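Novice: So the sequence shown is numbered by our numbering: it starts at 988 and just counts up by one.
Every residue, glycine too, gets a C-beta built ideally from N, C-alpha and C.
Since the model is a prediction, treat every value here as computed from it, not as a measurement.
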Amino acid sequence: MSGTVERRYDVVIIGSGAGGGTVAQELAPLVRNGQSILVLEKGPRFADHEFTGVELEMAEALYEEGGGFLTSDGSMTLAFASAYGGSTVVYTGTSLTAPERVIRGWGVPGLDHADLVRRSAKYAEQNSVHLLEESLINDNNRLFVVGGRAAGYAVEQFPVNVKGCRGSSLCNLGCPNQAKQGTNRVQLPRAERAGVEVVTRAEVLRIGADQTLDVRVVAKPAGAKGAPPEWPPGEHRVRAGLVVCAAGAIGTPALLLRSGLAARLPRLGRDFTCHPALILVGEHPRVITNDVGHPKSYFVDRAAEERFVLETCMYFPFVTAKSLTGFGASHSAVMQAFPRLQMILLLVCDRATRENGITVDGAGRPVVHYRLMPDTIDGLVRGTRAAARILFAAGARRVHAPAEPPLIDAAEAGRIEQRITAQHFRPGTMALSAAHLMGGCAMGRTA
């Protein structure tokens, strides 16, 4: 790398999201002892005024590939941020501690659920996690509670990490009111105040055998959002005493594959899971409050019994339009009813399989290979039926779902099993997306 700038740090953290930002904060006291700590973030750092809430503008600025990152066969969109703070900038703030059965299933030595609960309590306090006050619960959420209970489901409230929420409902585009307490608001600023250095627009291309990182810093494009990089644009070589990879379930495996570590880590890139998701909508006969108030306040957890979870949600016009099944008159009718729509997000708890994973192409870019397994399709069918029951029980006059035709009238509420069947859940025929990206870099003894 001719003309490369060389630097040396005791610790280099790759990624600034929930993982990297938290590690940066926890290691920050080492700076007082003379240790040097660096965080490298591929995405930019945004100023408060840049969070405008304009859907396409913010999606292009915040998300990897503008929110259009696709699996290799194009059947599913994967949503993850590329920014200072990672995906904590764009999620809704829901903050749950992983259940004991999940931690047990991972089988990672030293990872104990009781210890995790204790640590989670610390960060819940740090990030202002609490149950949202009643004034910010809108009709979209209340109807989910009413319909869910009427349909016989146990409805629970999400704890969320917000402080001073004003109910803009723009969480997924970056909070315009600075209320969401992600690592960009809490852990990273604390780390920087303690002397940790954070460099944005800095992509780590590979890690050498001697823990030397090849880093490319890119200039801020003309007219783009975000601050310029803290280092001069160009190639940099960073020598690290310790490297922490926290670049996400896609970024970390891709980096380690580019670094030639596949032989040492035989499961590298494998066992990718993502909770494939569908947006289901019900049209009510009256206008409801759905685009103001916190968008995600309640959920129904059927993960252990039926492999799905239902959550309240409210997405923006473009995301909603691309997420509806079908085209033409029925699609247009649903979009025109936007002020009357109730939305439910269905997430399926998919199993880790060797077939689903991450590779890199000839240019070193990540490629995600994902195939729906039969039990995942079964979870989609079961979850869609459950969502339809809730929507009808809440008073919806019709429901839009993967079916033929996709609009199901209330008069057919008793025929949900016949109308919603597995034949309508083939890859490429429904608008699947995923934002819970996991796996690809196992931690256990057999990694």
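Taking the DSSP output, what are the residues bridged to VAL999?
Specialist: What you label residue 999 is simply residue 12 of the sequence shown in a count that begins at 1. Note: VAL999 sits in a beta bridge opposite LEU1025, VAL1230.
Novice: State the start and end residues of the unbroken beta strand (DSSP E) segment that holds THR991.
Specialist: By 1-based counting over the sequence shown, the position of residue 991 is 4. Counting along the chain, THR991 falls outside any beta strand (DSSP E), and DSSP gives it neither H nor E.
Novice: For a test of the three-state rule: what should DSSP assign to ALA1214, helix, strand or coil?
Specialist: The sequence position of residue 1214 within the sequence shown is 227, counting from 1. DSSP places ALA1214 in coil when its eight states are reduced to three.
Novice: Is GLY1073 near THR1170, with beta carbons less than 8 Å apart?
Specialist: Stepping through the sequence shown from its first residue, residue 1073 is reached at position 86. Stepping through the sequence shown from its first residue, residue 1170 is reached at position 183. Cβ distance < 8 Å, so GLY1073 and THR1170 count as in contact.
Novice: What runs of the beta strand (DSSP E), each 3 residues or longer, lie entirely inside the stretch 1364-1431?
Specialist: Those beta strand (DSSP E) runs which fall completely within the stretch 1364-1431 and span 3+ residues are 1385-1387, 1394-1396, 1419-1421.
Novice: Excluding five sequence neighbours on each side, which residues of the same chain lie with their C-beta closer than 6 Å to the C-beta of MET1430?
Specialist: In the sequence shown, the residue the question calls residue 1430 occupies position 443. So the list reads VAL1095, once near-sequence residues are dropped.
Novice: For ARG1153, I'd like the list of residues in its chain whose CB is within less than 7 Å of its CB, leaving aside the five on either flank, ordered along the chain.
Specialist: On the sequence shown, position 166 is the one that residue 1153 refers to. Here the set comprises ASN1164, ALA1166.
Novice: Using C-beta distances below 6 Å, list every residue in its chain close to VAL1186, excluding the 5 sequence neighbours before and after it, in chain order.
Specialist: One-based indexing of the sequence shown puts residue 1186 at position 199. Cβ within range, chain order: LEU1027, GLU1217, TRP1218.
Novice: Can you have a look at GLY1006 and say buried or exposed, based on whether 16 or more other CB atoms are within 10 angstroms of its CB?
Specialist: Looking up residue 1006 in the sequence shown gives position 19. That one is buried.
Novice: Is it true that the CB of PHE1303 sits closer than 8 Å to the CB of GLU1013?
Specialist: What you label residue 1013 is simply residue 26 of the sequence shown in a count that begins at 1. What you label residue 1303 is simply residue 316 of the sequence shown in a count that begins at 1. Their beta carbons are not under 8 Å apart, which means GLU1013 does not touch PHE1303 by this criterion.
Novice: When you compare the stretch 1236-1254 with the stretch 1341-1349, are there three or more beta-carbon pairs, one atom per stretch, that lie closer than 8 Å?
Specialist: The answer is yes - the stretch 1341-1349 touches the stretch 1236-1254, with three or more Cβ pairs under 8 Å.
Novice: Ordered along the chain, which non-local residues of its own chain (more than five positions away) have a Cβ less than 6 Å from that of LEU1229?
Specialist: The residue labelled residue 1229 in the question sits at position 242 within the sequence shown. Cβ neighbours of LEU1229 beyond the five flanking positions: VAL998.
Novice: Roughly how many angstroms lie between the CA atoms of ALA1388 and ALA1111, to the nearest whole one?
Specialist: Working through the sequence shown from its first residue, we reach residue 1388 at position 401. Working through the sequence shown from its first residue, we reach residue 1111 at position 124. Using only the alpha carbons, I get a separation of about 36 Å.
Novice: From the DSSP output, in three-state form, read off LYS1109 for me.
Specialist: Reading the sequence shown from its first residue, position 122 is the one you call residue 1109. Three-state result, LYS1109: helix.
Novice: When the distance is taken between beta carbons, is ALA1178 closer than 8 Å to ALA1015?
Specialist: If you number the sequence shown from 1, residue 1015 lands on position 28. If you number the sequence shown from 1, residue 1178 lands on position 191. Contact: yes.
Novice: Check the C-beta distance from THR1371 over to LEU1424 and give it rounded, since I have them as a contact under 8 Å.
Specialist: For the purposes of this step, residue 1371 is identified with residue 384 of the sequence shown, where counting begins at 1. For the purposes of this step, residue 1424 is identified with residue 437 of the sequence shown, where counting begins at 1. Not really, about 22 Å apart at Cβ, beyond 8 Å.
Novice: Would ALA1434 and ARG1254 be called neighbours here (beta carbons separated by less than 8 Å)?
Specialist: Taking the first residue of the sequence shown as 1, we reach residue 1434 at position 447. Taking the first residue of the sequence shown as 1, we reach residue 1254 at position 267. Yes, the Cβ-Cβ distance between ALA1434 and ARG1254 is below 8 Å.
Novice: Starting from the C-beta of ILE1331, find all residues in its chain whose C-beta is less than 6 Å away, skip the five residues before and the five after it, and write them out in chain order.
Specialist: The sequence position of residue 1331 within the sequence shown is 344, counting from 1. Contacts found: LEU1267, LEU1297, ALA1374.
Novice: Considering only their Cβ atoms, is the gap separating GLY1161 from PHE1038 smaller than 8 Å?
Specialist: For the purposes of this step, residue 1038 is taken as residue 51 along the sequence shown, with counting starting at 1. For the purposes of this step, residue 1161 is taken as residue 174 along the sequence shown, with counting starting at 1. Closer than 8 Å, so yes.
Novice: On a CA-only basis, which of THR991, ALA1421, ARG1432 is nearest ARG1203? Give me that one, please.
Specialist: Counting from 1 along the sequence shown, the entry for residue 1203 is found at position 216. ARG1203 has its Cα closest to that of THR991, out of THR991, ALA1421, ARG1432.
Novice: Does the Cβ-Cβ distance between LEU1049 and VAL1355 come in under 8 Å?
Specialist: Taking the sequence shown and counting its residues from 1, the one referred to as residue 1049 is at position 62. Taking the sequence shown and counting its residues from 1, the one referred to as residue 1355 is at position 368. Their beta carbons are not under 8 Å apart, which means LEU1049 does not touch VAL1355 by this criterion.
Novice: Grouping DSSP H, G and I as helix and E and B as strand, with all else coil, what is VAL1173?
Specialist: The residue labelled residue 1173 in the question sits at position 186 within the sequence shown. The answer is coil: DSSP assigns VAL1173 none of H, G, I, E or B.
Novice: DSSP three-state label for GLY940, please.
Specialist: For residue 940 there is no data in the structure shown, the boundaries of the chain being 988 and 1434.
Novice: Could you pull the DSSP bridge partners for LEU1297 from this structure?
Specialist: Mapped onto the sequence shown, residue 1297 falls at position 310. Partner(s): VAL1287, LEU1333.
Novice: Flag this pair as yes or no: are the beta carbons of GLN1329 and ASN1277 separated by less than 8 Å?
Specialist: Mapped onto the sequence shown, residue 1329 falls at position 342. Mapped onto the sequence shown, residue 1277 falls at position 290. Going by C-beta atoms, GLN1329 is nearer than 8 Å to ASN1277.
Novice: For the beta strand (DSSP E) containing PRO1240, list its first residue and its last residue.
Specialist: Within the sequence shown, numbered from 1, the residue matching residue 1240 stands at position 253. Unbroken run through PRO1240 is the alpha helix (DSSP H), 1235-1245; no beta strand (DSSP E).
Novice: Would you decide whether GLU1270 is buried or exposed? Buried here means 16 or more other CB atoms lie within 10 Å of its CB.
Specialist: Here residue 1270 refers to the residue found at position 283 when the sequence shown is read from its first residue. Counting Cβ neighbours within 10 Å, GLU1270 comes out buried, since at least 16 surround it.
Novice: Jot down the residue ranges of each uninterrupted beta strand (DSSP E) in the stretch 1040-1074, minimum 3 residues, whole runs only, in chain order.
Specialist: Correct list: 1063-1065.
Novice: Using CA atoms only, rank isn't needed, just tell me which of LEU1359, LEU1248, ARG1338 is closest to GLY1426.
Specialist: What you label residue 1426 is simply residue 439 of the sequence shown in a count that begins at 1. Comparing Cα positions, the closest option is ARG1338.
Novice: Among the residues of its own chain, which have a CB less than 6 Å from the CB of MET1417, if the five just before and after it don't count?
Specialist: Within the sequence shown, numbered from 1, the residue matching residue 1417 stands at position 430. Here the set comprises THR1312, PRO1389.
Novice: Using the beta-carbon count (16 or more within 10 Å), is LYS1109 buried or exposed?
Specialist: Stepping through the sequence shown from its first residue, residue 1109 is reached at position 122. Exposed, by the Cβ-count rule.
Novice: Identify whether GLN1323 lies in helix, strand or coil by the three-state DSSP scheme.
Specialist: Here the question's residue 1323 lines up with position 336 in the sequence shown. Helix at GLN1323.
Novice: With a 10 Å radius around its C-beta and 16 neighbouring C-beta atoms as the bar for buried, classify LEU1419 as buried or exposed.
Specialist: The residue you call residue 1419 lines up with position 432 of the sequence shown. Burial call: buried.
Novice: Please state whether DSSP places HIS1100 in a helix, a strand or coil.
Specialist: Counting from one through the sequence shown, the residue named residue 1100 turns up at place 113. Helix, per DSSP.
Novice: Are VAL1335 and THR1363 closer than 8 Å when you measure CB to CB?
Specialist: Working through the sequence shown from its first residue, we reach residue 1335 at position 348. Working through the sequence shown from its first residue, we reach residue 1363 at position 376. Closer than 8 Å, so yes.
Novice: Which term fits SER1003, buried or exposed, when burial requires 16 or more other beta carbons within 10 angstroms of its beta carbon?
Specialist: Numbered from its first residue, the sequence shown carries residue 1003 at position 16. Its Cβ being crowded by 16 or more others within 10 Å, SER1003 is buried.
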